[in-house]
Each structure stands twice: as C-alpha cells, then as structure tokens.
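Position one of the sequence shown corresponds to residue 653 (the numbering used here), numbered consecutively onward.
Using N, Cα and C, we set each Cβ at its ideal position, and we do this for glycine too.
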Amino acid sequence: MRKTILLTLFVIAGLGVKSQTVFSCDSKYDADVKVYVASSKYDADLVVYKCSSKYDATDNKGLWFFVESKYDAKKKIYFCDSKYDADIVIYFSESKYDAEWRNKSKLHFMQ
C-alpha cells in the first residue's frame, strides 16, 4: 500500500514538469520557432545548455534535449542564418548553470 501511494505521488509530481525537448527542422516552414545562434551570451535572448538526457531538460529555462524525431519534440526549431529572421536569439553555453532567459519578453516562444 505504501509503495502504491509513493508511486502515485511521483506520477502526479511528474505531470507538472514540462520538458524542453527540441527537434531541429530543415525547413523554417515546419518549425514552431526560428532561432539564431549568437557568438556571445550578452547578445542572446536565451542562454541554452544542451542536456545529455531528456530528464534533465525541465521547464522553460534553457535546458534543451535534442530528439531524433519531430514527434518526440515539444518544440520544432529552425536555425536561421540571420538574427533578423529569428524569433529568438540563443547562445549555447558549456555550463548548465548559465542557462537562463535574458529577455523574458520572448519566453512565450518556448512554452
């Protein structure tokens, strides 16, 4: 009985967690969001850390896990050649602790 209650609590808690699984599209017309990769985090709307597990990519705070299929992704993204064509400008960080929204007005693009 105790195990059943604990399992139920874990499942309920997990329902509130939204992962940031993304798929990189070849066409901007298939994408939900168009992104441009900046060379500096100070030019970015969002600092992104690429996670090695989808379970680490939680919430909408720049922790992304790239999936192989667009059907497994929460968001489909297209990498633009110009920041003027992009919905958001991102910077890839080597540290997960740097992942954050720098321009919160664009937060809705990844929700």
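Note down, in chain order, each residue of its chain lying with its Cβ closer than 8 Å to the Cβ of residue i, except the 5 sequence neighbours on either side.
i: Lys722; result: Phe675, Cys677, Asp682, Lys728
i: Trp716; result: Gln672, Thr673, Val674, Val700, Tyr701, Lys702, Cys703, Ala709
Which partner residues does residue i have in the DSSP bridge list?
i: Ser721; result: For Ser721, which the question treats as bridged, DSSP gives no partner whatsoever.
i: Glu746; result: Glu746 is not bridged to any residue.
Exposed or buried, which one is residue i when buried takes at least 16 other CB atoms within 10 Å?
i: Ser671; result: buried
i: Tyr749; result: exposed
i: Tyr736; result: exposed
i: Tyr707; result: exposed
i: Tyr694; result: exposed
i: Lys726; result: buried
i: Asp733; result: exposed
Excluding the 5 residues flanking residue i on each side, which residues of the same chain have their C-beta closer than 7 Å to its C-beta?
i: Ala665; result: For Ala665, the predicted model reports a pLDDT of 39, less than 50, meaning its position is unreliable and no value from the coordinates is stated.
Of all the beta strand (DSSP E) runs that stay within the bounds of the region 673-744, which reach a length of 3 or more residues?
-> 673-676, 685-689, 698-702, 715-718, 727-731, 740-744
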